[in-house]
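The block underneath contains the structure these notes are about, expressed in structure tokens.
Number of protein chains: 2
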Amino acid sequence: MATGKQAVSMKAIAEQAGVSVMTVSRVLTGKGSASAKTTALIKGIAKDLKYRPNRLVRGIQTGRTGMVGVILPADLGYYKNLLVGAHDYFAAKDCGVITSLVQGNMGEEAITDELGKLHRLVDLRADGVILRPVNEEASSAYFEELIERAIPMVVVDRRLSDYKCDFVGTDDYLGGQMAAEHMLRREPKRVLVCSASEVLRTSFERVRGFRDGLKESGVEVVEHAFGRFYSSESDMKKVLKEQGRLDGIFCVGDLLAIRCLRILEQMRVSVPGDVGVIGFGNLGLPGDYGARLTTFEQNPHEVGRQAAKLLYSRIGQKGKSPVKQQLIVPTLVDMGTC
Amino acid sequence: MATGKQAVSMKAIAEQAGVSVMTVSRVLTGKGSASAKTTALIKGIAKDLKYRPNRLVRGIQTGRTGMVGVILPADLGYYKNLLVGAHDYFAAKDCGVITSLVQGNMGEEAITDELGKLHRLVDLRADGVILRPVNEEASSAYFEELIERAIPMVVVDRRLSDYKCDFVGTDDYLGGQMAAEHMLRREPKRVLVCSASEVLRTSFERVRGFRDGLKESGVEVVEHAFGRFYSSESDMKKVLKEQGRLDGIFCVGDLLAIRCLRILEQMRVSVPGDVGVIGFGNLGLPGDYGARLTTFEQNPHEVGRQAAKLLYSRIGQKGKSPVKQQLIVPTLVDMGTC
DNA sequence: TTGTAAGCGTTATCAT
DNA sequence: ATGATAACGCTTACAA
Numbered sequence: 021m022a023t024g025k026q027a028v029s030m031k032a033i034a035e036q037a038g039v040s041v042m043t044v045s046r047v048l049t050g051k052g053s054a055s056a057k058t059t060a061l062i063k064g065i066a067k068d069l070k071y072r073p074n075r076l077v078r079g080i081q082t083g084r085t086g087m088v089g090v091i092l093p094a095d096l097g098y099y100k101n102l103l104v105g106a107h108d109y110f111a112a113k114d115c116g117v118i119t120s121l122v123q124g125n126m127g128e129e130a131i132t133d134e135l136g137k138l139h140r141l142v143d144l145r146a147d148g149v150i151l152r153p154v155n156e157e158a159s160s161a162y163f164e165e166l167i168e169r170a171i172p173m174v175v176v177d178r179r180l181s182d183y184k185c186d187f188v189g190t191d192d193y194l195g196g197q198m199a200a201e202h203m204l205r206r207e208p209k210r211v212l213v214c215s216a217s218e219v220l221r222t223s224f225e226r227v228r229g230f231r232d233g234l235k236e237s238g239v240e241v242v243e244h245a246f247g248r249f250y251s252s253e254s255d256m257k258k259v260l261k262e263q264g265r266l267d268g269i270f271c272v273g274d275l276l277a278i279r280c281l282r283i284l285e286q287m288r289v290s291v292p293g294d295v296g297v298i299g300f301g302n303l304g305l306p307g308d309y310g311a312r313l314t315t316f317e318q319n320p321h322e323v324g325r326q327a328a329k330l331l332y333s334r335i336g337q338k339g340k341s342p343v344k345q346q347l348i349v350p351t352l353v354d355m356g357t358c
Numbered sequence: 021m022a023t024g025k026q027a028v029s030m031k032a033i034a035e036q037a038g039v040s041v042m043t044v045s046r047v048l049t050g051k052g053s054a055s056a057k058t059t060a061l062i063k064g065i066a067k068d069l070k071y072r073p074n075r076l077v078r079g080i081q082t083g084r085t086g087m088v089g090v091i092l093p094a095d096l097g098y099y100k101n102l103l104v105g106a107h108d109y110f111a112a113k114d115c116g117v118i119t120s121l122v123q124g125n126m127g128e129e130a131i132t133d134e135l136g137k138l139h140r141l142v143d144l145r146a147d148g149v150i151l152r153p154v155n156e157e158a159s160s161a162y163f164e165e166l167i168e169r170a171i172p173m174v175v176v177d178r179r180l181s182d183y184k185c186d187f188v189g190t191d192d193y194l195g196g197q198m199a200a201e202h203m204l205r206r207e208p209k210r211v212l213v214c215s216a217s218e219v220l221r222t223s224f225e226r227v228r229g230f231r232d233g234l235k236e237s238g239v240e241v242v243e244h245a246f247g248r249f250y251s252s253e254s255d256m257k258k259v260l261k262e263q264g265r266l267d268g269i270f271c272v273g274d275l276l277a278i279r280c281l282r283i284l285e286q287m288r289v290s291v292p293g294d295v296g297v298i299g300f301g302n303l304g305l306p307g308d309y310g311a312r313l314t315t316f317e318q319n320p321h322e323v324g325r326q327a328a329k330l331l332y333s334r335i336g337q338k339g340k341s342p343v344k345q346q347l348i349v350p351t352l353v354d355m356g357t358c
């Protein structure tokens, strides 16, 4: 310690009260017993001295620091409410949340950054970690420091492909099914699915759910896979023109759906009169058309809350238990485009 | 420690290397000297054992935990980027950020919550705190635990009325002046100021800046004070009708400005043809008209960065130094309504 | 260059 | 109900 007067410690209280440090500890933590008299005395002195327990020391001693780490992309966007959801839960558990923001979405640099944040959390002896992974291909070697110390981790929003661990995210399959159900009310004959790519799990699951939801309806389903959750105007125009008559369109992302709406407007096709359009709330920040798009709102707040809850349950849980997958149901927001 | 194998400590490395703990400490922290041979040996073993320093202990020992607290309102909104800005700075300084979100904007409950979060940060021995206060009237007694321990605090966005301390926020006065300057290009004869209330510092400062900016222009300035940063449609309509001929309107908040635009449209007054309208980016989330409103964007990211920078400079600064006020210049966003 | 001893503020453990 | 002592993992201060 550099300079200045020492911060008040249990020792100081003990001296003033004429008891041992242990008695102070017992009174102040509420664990163990003490006479009513000493209890009152000690509590009084603690208040007078503005005593505050040193959680660092307590953490060293008990193995629980009461801090958890949350690692998210630096451009918070969609994850803002996830963070808030996690906070909501942890606040109730008197857990401090160390937020770490990772620059970039992929690439070596982002991975290095992510790993650095993980290390910092280990160094601070966080009780657990919530991670939205940048490095989706990370193997268990990547997480060795966490594993070594049995620090529980819950992954959110994006699944890790190589490393099995607890996960909380949107139920994309169910969302797809719900989209199908909603679409069926139009009694369509032929519908188009605008997907991203089979290798993108969210897209794949949404499509799978949608197809399964239509399975016994006899509706004809055609699909066009744009490589990403986005399409240029010309690509979309080409696709829609080629497809000919359609009664409905399900896009696995809002950006695709908004593009659809624009093109359909150009083509003088009425929505939802001629064609119904459903998007999926990939970004949650729709543009001009977005506000009126029938889509699925993901519930990042709930994802955050559930991730926190799951993580908390893992903390202090002795051995290993089977991996859990908590899937949060998206909400259909009917804005009349389908 | 409850169960399981002990985490690897310097002691473990020391034993394996056949040296003392101090040598390990010196090598791993880079402070002090050691022979090239032992250095290599120790570093090798540390890596093999996946050693990670215990920052808690280091914090206890050195008085610097490398953690700072950031306390913001629970509905992050505008503060999202402030948080990101603070992170950007602290990440570079290898500082962990403990985020605390306070429920509610005023009232006893929120204050209790805020104080609780402050206490938790003290308990975790944060090196410093950035606070967007809920409790603006808080006196120094409110912050006694921080003061007692000489934990530096920087207040952002809202000033504390009773307690002098470092502050970083938007330069409202300058914003007002800039609005005036912009307005003058229209060569107006008569302008209306839609203010909130004199007791709201941000409103007051914006108006003061605006008036000062027009001082020598000879422009006639009339002012209507709505109690808040908001007006009902009927109130605004009444005011605009009563005022008669106007060349420009400066609203201290975007919500007021958007209301203005709507009423003017109803009144068939062209903007910016007949009247120029300037708002102030109170919320940053403009509605339909907002996207086209000439207004001031506050720079929460920069506020966060500067607050972090200021706080960091205070950390480890020995005695007390004069209070600093860092004012961030808002950006004029000309969307053509003035 | 390296080591020893003491201490940081608390809890765990075993007494009394 | 209370206390003494060790331990947690590291750094500071002082030797050698």
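Chains A and B are the protein sequences, given in the same order. Counting with my numbering, you get residues 21 to 358 for the letters of the first sequence. Counting with my numbering, you get residues 21 to 358 for the letters of the second sequence. Cβ atoms here follow ideal geometry from the backbone N, Cα and C, with glycine treated the same way.
Note down the Cα distance separating residue i from residue j, rounded to an integer number of angstroms.
| i | j | result |
| --- | --- | --- |
| glycine 310/B | aspartate 274/B | Because glycine 310/B sits at a pLDDT of 49, beneath the cut-off of 50, its placement in the model cannot be relied upon, and the following sentence gives the value as read from the coordinates. Cα-Cα distance, rounded: 7 Å. |
| glycine 83/B | serine 29/B | 20 Å |
| aspartate 186/A | arginine 140/A | 21 Å |
| serine 159/A | serine 181/A | 8 Å |
| aspartate 66/B | alanine 170/A | According to the sequence as given, residue 66/B is alanine; it is not aspartate. Answer to the nearest angstrom: the Cα atoms are 18 Å apart. |
| valine 211/A | glutamate 317/A | 22 Å |
| alanine 56/B | leucine 48/A | 49 Å |
| tyrosine 183/B | glutamine 345/B | 13 Å |
| methionine 287/A | leucine 260/A | 9 Å |
| lysine 63/B | tyrosine 98/A | 41 Å |
| alanine 161/B | lysine 137/B | 16 Å |
| leucine 61/A | alanine 34/A | 10 Å |
| proline 93/B | proline 172/A | 28 Å |
| phenylalanine 5/B | arginine 221/B | Residue coverage of chain B in this structure runs from 21 to 358, which leaves residue 5/B outside it and unanswerable. |
| arginine 228/A | alanine 130/B | 46 Å |
| phenylalanine 224/B | glutamate 322/B | 23 Å |
| threonine 315/A | tyrosine 193/A | 15 Å |
| valine 219/B | alanine 245/B | 11 Å |
| valine 291/A | cysteine 358/A | 7 Å |
| threonine 59/B | glutamate 134/A | 28 Å |
| glycine 307/A | valine 289/A | Per-residue confidence for glycine 307/A stands at a pLDDT of 47, beneath the threshold of 50, marking its modelled position as unreliable; the derived number appears in the next sentence. Computed Cα separation, rounded: 20 Å. |
| glutamate 168/A | arginine 72/B | 11 Å |
| arginine 226/B | valine 353/B | 16 Å |
| glutamate 253/A | cysteine 115/A | 48 Å |
| valine 44/A | valine 272/B | 55 Å |
| serine 215/A | lysine 209/A | 19 Å |
Output yes or no for whether 7 Å exceeds the beta carbon distance between residue i and residue j.
| i | j | result |
| --- | --- | --- |
| glutamate 164/B | valine 142/B | no |
| valine 122/A | valine 88/A | no |
| valine 90/B | threonine 119/B | yes |
| alanine 328/B | phenylalanine 110/B | yes |
| leucine 331/A | valine 174/A | yes |
| proline 350/B | threonine 190/B | yes |
| serine 217/A | glycine 247/A | yes |
| lysine 100/B | lysine 100/A | yes |
| arginine 178/B | glutamate 157/B | no |
| methionine 203/A | glycine 268/A | yes |
| glycine 296/A | arginine 231/A | no |
| glutamate 243/B | valine 213/B | yes |
| alanine 199/A | isoleucine 298/A | yes |
List the whole-angstrom C-beta distance separating residue i from residue j, where the pair is believed to meet the contact cut-off of C-beta under 8 Å.
| i | j | result |
| --- | --- | --- |
| arginine 279/A | serine 251/A | 5 Å |
| leucine 76/B | alanine 32/B | 17 Å between Cβ atoms; not a contact. |
| glutamate 201/B | glycine 233/B | 6 Å |
| leucine 96/B | valine 104/A | 6 Å |
| arginine 46/A | glycine 38/A | Actually they are not in contact, since the Cβ atoms of arginine 46/A and glycine 38/A sit about 15 Å apart, beyond 8 Å. |
| aspartate 108/A | arginine 334/A | Actually they do not touch by this definition, with Cβ atoms about 18 Å apart. |
Cβ of residue i versus every heavy atom of the ligand ADP: is any distance shorter than 6 Å?
| i | result |
| --- | --- |
| phenylalanine 249/B | As presented, the structure is devoid of all ligands, the ligand ADP included, so that no description of it is given. |
Could you name each continuous alpha helix (DSSP H) segment of 4 residues or more that falls completely within the segment 92-146 of chain B, going from the start of the chain to the end?
-> Fully enclosed alpha helix (DSSP H) runs of 4 or longer: 99-112, 127-143.
Could you tell me which uninterrupted beta strand (DSSP E) segments, each at least 3 residues in length, are contained entirely in the segment 198-222 of chain A, listed from first to last along the chain?
-> Whole beta strand (DSSP E) segments, 3+ residues: 210-215.
Taking only runs that begin and end inside the segment 284-345 of chain A, name each unbroken beta strand (DSSP E) of 3 or more residues, in chain order.
-> For the segment 284-345 of chain A, the full-length beta strand (DSSP E) segments reaching 3 residues or more read 296-298, 315-317 along the chain.
Residue ranges of each beta strand (DSSP E) run of no fewer than 3 residues wholly in the segment 142-191 of chain B, ordered along the chain?
-> Every unbroken stretch of the beta strand (DSSP E) spanning 3 or more residues and falling wholly within the segment 142-191 of chain B is given here in chain order: 148-151, 173-176, 186-190.
Complete beta strand (DSSP E) runs within the segment 230-282 of chain A (minimum length 3 residues, chain order) | For the segment 230-282 of chain A, whole beta strand (DSSP E) runs of length 3 or above, ordered along the chain, are 240-245, 268-271.
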